[in-house]
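Just so we're aligned, residue 24 is where the sequence shown starts under my numbering, counting upward by one. Think of the CB as a built atom: it goes at the ideal place given N, C-alpha and C, for glycine as much as any other residue. Here is the structure we will look at, set down as structure tokens.
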Amino acid sequence: MVLDLVLIGLAIALNPLPVTGFVLVLSARNGIWKGLAFLLTWLATFVGIIAVVLLMTGGKPPAANSSPSTAALAVKLAVGVGLLWYAERTRRRIGTRHRSSGFMSRVERISPWSAAGLALLLQPWGMVAAGAATVVEADLAHFASYAALMGYCLLASSSLLAMELYATFAPRSAAVRLGRLGTWLEGHQEQALVSLVLFLGLWLVGKSIYGLTA
């Protein structure tokens, strides 16, 4: 469970779509407060989903080869296949120039409430679903499971948290460097996304098939 959560958490943290959105939020007027609204909503989503899963399992992992454990593996397999499809679809679009959407160009004028909504919109829900299916294996009788779940939430939010802290304590430097990051992502977002999604998709498919056939 721990390795899966680490890989999924890293993939979420490095996903260029929410990172790009968060950079734009921070660049807006009063961006630190809007970024905080984004970040808190982002974290609350993970905590809420984990809480729901643990309520369903009672904090105990299902028995091997039982219907719940098979269903969790099937979910991860479906997510993995979906990620591979998305990676291929995105790869075919590499090199095609896209104009910035009107929605993203209006981020500068969004309110904190809109920033919170943007956090929900930019959640990589497929990866979040894979994380939820992995949380099914958590055993709350052991402290290690608590640590793993907490670490997963923090890891998945680490890139956003780092940018928020940077913008708070070094606003001038952050404005320059995050601006450069946003510019780089504009030109390399699809390549980064394909690599990230392809790796996680292959991992989920391989691990799920092994679990279903073992």
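Other residues of its chain near residue i: CB distance less than 6 Å, five sequence neighbours each side excluded
| i | result |
| --- | --- |
| GLU213 | THR113 and ILE117 |
| GLY82 | LEU163 |
| PRO41 | LEU145 |
| PRO85 | PRO91 and SER92 |
| ALA241 | For the chain, the structure presents residues 24 to 237; residue 241 sits outside this window and is missing. |
For residue i, the nearest candidate out of the options (CA to CA)
| i | options | result |
| --- | --- | --- |
| LEU141 | THR43, SER218 and ALA171 | THR43 |
| MET79 | LEU37, GLU160, LEU30 and VAL220 | GLU160 |
| ASP27 | GLY81, LYS57, ARG132 and LEU172 | LEU172 |
| PHE45 | PHE166, VAL104, GLY202 and ALA86 | GLY202 |
| ARG52 | GLN146, SER134, ALA164 and VAL158 | SER134 |
| PRO39 | ALA237, GLY205 and HIS165 | GLY205 |
| LEU62 | HIS211, PRO91, ALA94 and TRP136 | TRP136 |
| PRO91 | ARG132, PRO41, PHE166 and ALA156 | ALA156 |
| ALA237 | VAL104, PHE166 and ASN88 | ASN88 |
Cβ-Cβ distance between residue i and residue j below 8 Å
| i | j | result |
| --- | --- | --- |
| CYS176 | LEU33 | no |
| VAL48 | ALA185 | no |
| ILE73 | LEU223 | no |
| ALA152 | VAL98 | yes |
| LEU276 | LEU107 | Residue 276 falls outside the range modelled here, since the chain spans only 24 to 237, and no answer is possible. |
| VAL102 | GLY58 | no |
| ALA179 | ALA36 | yes |
| LEU143 | THR64 | yes |
| THR93 | GLN146 | no |
Close Cβ partners of residue i (< 8 Å) along its chain, the five nearest in sequence each way excluded
| i | result |
| --- | --- |
| ILE55 | LEU49, GLU187, ALA190, THR191 and PRO194 |
| LEU100 | LEU227, VAL228, SER231, ILE232 and LEU235 |
Close beta carbons around residue i, own chain, < 7 Å, minus the five adjacent residues each side
| i | result |
| --- | --- |
| TYR109 | VAL220 |
| VAL70 | CYS176 |
| SER168 | ALA161 and ASP162 |
| SER17 | Lying outside 24 to 237, the shown extent of the chain, residue 17 is not represented and no answer is given. |
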